[in-house]
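Read the sequence shown against the working numbering and you will find it ends at 781, with the numbers running on by one and no gaps.
Using N, Cα and C, we set each Cβ at its ideal position, and we do this for glycine too.
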Amino acid sequence: MRLAPPLLALFLAGGLVPGCGSRQEDAPPAPRRPPARVTTLRVAPVAYRPRLERGCRVESATRVRLRSPEAGIVKAVNADVGDRVRRGEVLVRLDERLLAAELDKARARRRQARLDLDRLEHLQDRRLVTEDARARARTALAQAQAEERLLELRLARLRIRAPFDGVVSAREVDPGEAVPGGAPLLTLIAPGDLRIRAELPAGRLPASLDGLAFAVRPARPGAAWTAARLESLGPEALPGSGLVPLRLRPAAPLPGLLPGVPCRLRVQLPPRRGLLVPIDALRRDAAGEYVFVVHGGRARRRAVRSGAVHGARIEILAGLHAGEQVVVRGFLGLRDGAAVTVTADPPIAPRRQRAGS
């Protein structure tokens, strides 16, 4: 039977429709989430010696790119990549025939100029030539001699020699090639004379470089460190990076540290006092670095800026104050503003510092 709208309204008002009672009145209250259990550490300033570690590049401090002194045909290449050469050794020869012919002509002109001058000198004794004629003959001889010396030098330069003891690092020509003047032929380096180049954050460097200690090693795991000596520090940071370039030299030869090999640079900064927290206390996400600080029984997210790692701890450069409680354990499900129950502060167990940390 279809009910008229007034009767349907009475049924609903009187609770006569089955299953339409108030569920909120009958359901029990939802249980409250218990406070999260966390372990905290009260941070205090400690004395430590911070250090930086960055990637670096190994270069040869002595590097020469040998070029063709003039246009010509490559006659011979006597060294290849990786060959050790001695100073003065002929590495490349260009075809000498054209200049050799020019030199023969210059020598013939010089001999003729000498004969002309000798004849005039003989005639001068008989007062048959003027002083002006003798002067012109002397000038012609000097010009012929100069042209002969010039061609001898040009001919000698067609034999490109090693300027120092070294190793060929690049070869760019083969016999038979025609090369213009100034064309690159070989690159020669002195493998024992190394230079290290790196960049360091300008904000991490102290005002004075006194007390800084540098060490370098090949980038492969487990490689040994060797001391390095600072040669120069850039006067300003590189545009857009905030990094300052520097140049160093290893204090002693190090196996595996060769030109072109990637390396690691470690900088020991002067001692200072600051705040250190366990590495696990520092959290990171898309918004940046942060820690949880406990205030009034609740965990509060705090943005921080970290520095160098020191064994099991990391320095906090900004965002944290001495005496605050930092959460070091109990991060599962922890969020900003969550109620927490704090357990005893744990001691920081020293962890063996790995090489390069």
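Per-residue DSSP class, three states only, for residue i
i      : result
Arg759 : coil
Val766 : strand
Leu633 : coil
Leu522 : helix
Arg510 : coil
Arg487 : strand
Thr611 : strand
Leu657 : strand
Leu689 : strand
Leu527 : helix
Ala602 : strand
Length of the line joining the Cα atoms of residue i and residue j
i      : j      : result
Gly479 : Pro686 : 7 Å
Gly666 : Ala626 : 6 Å
Ala661 : Pro642 : 25 Å
Pro683 : Glu483 : 5 Å
Arg473 : Pro695 : 4 Å
Arg562 : Leu547 : 14 Å
Arg510 : Gly680 : 23 Å
Gly600 : Gly496 : 10 Å
Glu494 : Gly606 : 6 Å
Arg583 : Arg521 : 13 Å
Leu741 : Gly731 : 6 Å
Arg725 : Ala710 : 14 Å
Arg697 : Glu477 : 20 Å
Residues bridged to residue i (per DSSP)
i      : result
Thr650 : Val640
Val701 : Ile738
His546 : Paired residue(s): none; His546 is not in a bridge.
Val591 : Arg508 and Ile613
Glu713 : Arg708
Cβ-based burial, residue i [other Cβ within 10 Å; buried from 16]
i      : result
Arg690 : buried
Pro469 : exposed
Thr464 : buried
Val505 : exposed
Gly590 : buried
Glu545 : exposed
Leu436 : Only weak support exists for where Leu436 lies, its pLDDT of 48 falling under 50; the value from the coordinates is given anyway. Its Cβ having fewer than 16 others within 10 Å, Leu436 is exposed.
Leu744 : buried
His719 : exposed
Pro674 : buried
Opening and closing residue of the beta strand (DSSP E) in which residue i lies
i      : result
Arg461 : Ala460 to Arg466
Arg475 : Arg475 to Ser484
Leu670 : Leu667 to Pro674
Arg457 : Segment: none, Arg457 is in no beta strand (DSSP E) and carries neither H nor E.
Glu748 : Where Glu748 is concerned, there is no enclosing beta strand (DSSP E), given that its DSSP letter is neither H nor E.
Ala500 : Gly496 to Val501
Gly606 : Careful: Gly606 lies outside any beta strand (DSSP E) and carries neither H nor E.
Start and end residues, alpha helix (DSSP H) containing residue i
i      : result
Asp709 : No alpha helix (DSSP H) contains Asp709, which is instead part of the beta strand (DSSP E) from Arg707 to Asp709.
Leu565 : Glu555 to Arg581
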